[in-house]
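In what follows, a structure is listed as structure tokens, so that the remarks can point back to it.
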Amino acid sequence: MQLNFCQCRKQTCALNVILLLILMSQQCNPQRVEVPAEVIVDPKFSSPIVNMTAPVGRDAFLTCVVQDLGPYKVAWLRVDTQTILTIQNHVITKNQRIGIANSEHKTWTMRIKDIKESDKGWYMCQINTDPMKSQMGYLDVVVPPDILDYPTSTDMVVREGSNVTLKCAATGSPEPTITWRRESGVPIELATGEEVLSIEGTDLVIPNVRRHHMGAYLCIASNGVPPSVSKRITLVVHFPPMITVQNQLIGAVEGKGVTLDCESEAYPKSINYWTRERGEIVPPGGKYSANVTEIGGYRNSMRLHINPLTQAEFGSYRCVAKNSLGDTDGTIKLYRIPPNAVNYVENFEARHKGKKRTKSSESHHPARAQEHSGEDMENPGKRKADLSLGAESIDSIYGNSAAGSLRRQDLGGMLLLLLPFAVAVSLATAGVIRATQMTLPPQTLTHV
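Position 209 of the sequence shown, counting from 1, maps to 201 under the working numbering, and the rest follow consecutively.
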């Protein structure tokens, strides 16, 4: 009986081992669950990411379109830093300017608010498949130009004859183009002598600067991103005074008025005044009226009006210009013209104009024409006396030799010699005759 019990115990143990093995085999080889084939679909991108360009300060949007995403997830990353920005609808980065939105579990749009220049670069849209799928898009941030205070030039003061370089530096994206213009619209004179309205380059070089280069220059920076910016740089050229006298010899009739003219150039602006030959300053007021009129940035017109003229006012006058760099002057000789010289010319002109009128009307008034011509023929002595008077007038102005030579000429020769004198006096105003316009060639002397 004891033996049978033992045998039973052995059979029970064997059965237990068999059950244990069955259980272990079931755990090691689980049955596979069949999944319908239509659920396992590989996601893919429907279209590439469109690159975007936006000015700094605006919002930028990058869109990733995924088809058949299924159980997978979409993430946005910054490529250069390998920073995860978003996963699905969750923003991972601490950058509060980043946002994410999706439509129909298909379109995933990342928004970057108030973009900065540092946001420029490549961004990746990634699907966590195995292997991972991704595509990239580029965000370009453009920046309007800005002119730097340094090394851009400030207003400059230079001496005439020196070399000048105006500099202009600007930042921006894309890199700005620098254009130079003169504010007044006057062309810029290049070193080659060519004149242009504008020139490109960060540096504007003006060798051997002259006074006409003085003025305001505009440095304009532009890169296609509005607005363009400009800076105004003023170039001031210093030079000592210079005086120009158009008429150095002026004749006038005593008792009449006369005006003397000079033109001065100087910068810094000069002090202008008139003196007599001995250096005494012409006092303002009374018969003297002096005024200075600016006719340009550095040019002035000096005028001295004297009325009435007496014997004391004839002689030399000096127009003086003086500034911190020097002084200079120009001389005008004022001489007296006898009144009888002017009277003769007036009579001569009247008779000459009368003949012209007679000639032009001969066909209509023959009798009147004969009357005028007869008067001249009947009074040859009167004509000769008039010419003698003219000779005496010239004698008083140019000396006895001129009058003597006139008296030795015949009547026609005397008329030819006196005609230029008559024309000159006819051009004079208020009894003033400029000798340079009568017989002397025009003279322009520049004093520096």
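All C-beta atoms, glycine included, are put in the ideal place defined by N, C-alpha and C.
Have a look at residue 240 and residue 311 and give me their C-alpha separation to the nearest angstrom.
Taking the straight line from one Cα to the other gives about 11 Å.
Apply the 10 Å Cβ neighbour rule to residue 283 and answer buried if 16 or more other Cβ atoms are within range, or exposed otherwise.
Exposed, since its Cβ has fewer than 16 Cβ neighbours within 10 Å.
Here's the rule: buried if 16 or more other CB atoms are within 10 angstroms of the residue's CB, otherwise exposed. What is residue 15?
Any reading at residue 15 needs caution, since the residue's pLDDT is 42, under 50, leaving its predicted position unreliable; the model's value is listed next. Per the 10 Å Cβ criterion, exposed.
Three or more C-beta pairs under 8 Å: does that hold for the region 137 to 146 against the region 180 to 191?
No: the two stretches stay apart, fewer than three of their Cβ pairs being nearer than 8 Å.
With DSSP run on the structure shown, which of helix, strand or coil describes residue 339?
Residue 339 falls in the helix class under three-state DSSP.
In its own chain, which residues sit with a C-beta less than 8 Å from the C-beta of residue 155, not counting the 5 before and 5 after it?
Same-chain partners within the cutoff: 197, 198, 199, 200, 201.
Please classify residue 67: does DSSP put it in a helix, a strand, or coil?
Correct three-state label for residue 67: strand.
Alpha carbons only, please: which of 265, 305, 288 is nearest the one belonging to residue 295?
Of the listed residues, the one whose Cα sits closest to residue 295 is 265.
Going along the chain, which residues of its own chain have a beta-carbon closer than 7 Å to the beta-carbon of residue 80, five neighbours each way excluded?
So the list reads 65, 66, once near-sequence residues are dropped.
Going by CA-CA distance only, name the one from 214, 59, 343, 245 that's closest to residue 301.
Of the candidates 214, 59, 343, 245, the one whose C-alpha sits nearest the C-alpha of residue 301 is 245.
Does residue 97 come out as helix, strand or coil in the three-state DSSP assignment?
Coil at residue 97, not helix or strand.
Under 8 Å by Cβ, that's how I've got residue 48 and residue 108 pegged, so tell me the actual separation to the nearest angstrom.
That pair is a contact at about 6 Å.
Given a cut-off of 7 Å on the beta-carbon distance, is the pair residue 104 and residue 158 in contact?
For residue 104 and residue 158, no; Cβs fall outside 7 Å.
Does DSSP put residue 292 in a helix, in a strand, or in coil?
In the structure shown, residue 292 sits in a strand (DSSP, three-state: E or B).
State the CB to CB distance for the pair residue 235 and residue 141, rounded to an integer number of angstroms; the pair is presumed to be in contact (CB under 8 Å).
The pair is not a contact, with the Cβ atoms about 41 Å apart (cut-off 8 Å).
Looking at the structure shown, is residue 186 part of a helix, part of a strand, or coil, going by DSSP?
In this structure, residue 186 counts as coil in the three-state DSSP scheme.
Under a CB-based cut-off of 7 Å, is residue 195 close to chain D?
This model lacks chain D altogether; it includes just one protein chain.
Measuring straight from C-alpha to C-alpha, what distance separates residue 230 and residue 111?
Rounded to whole angstroms, residue 230 to residue 111 spans 50 Å at the Cα level.
Please state the DSSP three-state secondary structure of residue 331.
It is helical.
Would a C-beta distance cut-off of 7 Å place residue 60 and residue 40 closer than the cut-off?
It is not a contact, given that the beta carbons lie outside the stated cut-off.
Starting from residue 225, trace the beta strand (DSSP E) both ways and give me its first and last residue.
Counting along the chain, the beta strand (DSSP E) containing residue 225 begins and ends at 221 to 237.
Taking all protein chains shown into account, decide if residue 173 is buried (16 or more other Cβ within 10 angstroms of its Cβ) or exposed.
Buried: at least 16 other Cβ atoms inside 10 Å.
Just to confirm my understanding: we take residue 120, look at its own chain, exclude 5 residues before and 5 after, and list those with CB closer than 6 Å. What are they?
So the qualifying residues of the chain are 64, 65.
Among 280, 50, 150, 116, whose alpha-carbon lies nearest the alpha-carbon of residue 133?
The option with the nearest alpha carbon to residue 133 is 50.
Report yes or no: do the region 164 to 179 and the region 202 to 220 share at least 3 C-beta pairs separated by less than 8 Å?
Judged by Cβ distances under 8 Å, the region 164 to 179 makes contact with the region 202 to 220, as three or more pairs qualify.
I'd like to check one pair, residue 101 with residue 57: are the Cβ atoms closer than 7 Å?
Contact flag unset, no.
Here's a check: name, in chain order, each residue in its chain whose Cβ is nearer than 8 Å to the Cβ of residue 259, leaving out the five neighbours to either side.
Once the five neighbours on either side are set aside, the close Cβ partners of residue 259 are 203, 206, 228, 229, 230, 231, 289, 290, 315.
Since I believe residue 208 is in contact with residue 262 (beta carbons under 8 Å), could you give me their beta-carbon distance rounded to a whole number of angstroms?
Their Cβ separation, rounded to whole angstroms, is 22 Å, which puts residue 262 and residue 208 out of contact at 8 Å.
Hey, how far is the Cα of residue 76 from the Cα of residue 52?
Going from the Cα of residue 76 to the Cα of residue 52 covers about 18 Å.
Would you tell me roughly how many angstroms separate the C-alpha atoms of residue 123 and residue 33, rounded to the nearest one?
Answer to the nearest angstrom: the Cα atoms are 14 Å apart.
Cβ of residue 129 within 7 Å of Cβ of residue 69?
Not a contact, by the Cβ cut-off of 7 Å.
Please report the residue range of the beta strand (DSSP E) in which residue 44 lies.
Segment 44 to 47, the beta strand (DSSP E) holding residue 44.
Consult DSSP for residue 316 and reduce its assignment to one of helix, strand or coil.
In the structure shown, residue 316 sits in coil (DSSP, three-state: anything other than H, G, I, E or B).
Do you know how far the Cα of residue 168 is from the Cα of residue 319?
Spanning the two alpha carbons is a distance of roughly 47 Å.
For residue 203, which of helix, strand or coil comes out of DSSP?
Looking at residue 203 - three-state DSSP - the assignment turns out to be helix.
Can you tell me the Cα-Cα spacing of residue 93 and residue 78, whole angstroms?
Approximately 10 Å, taken between the alpha carbons.
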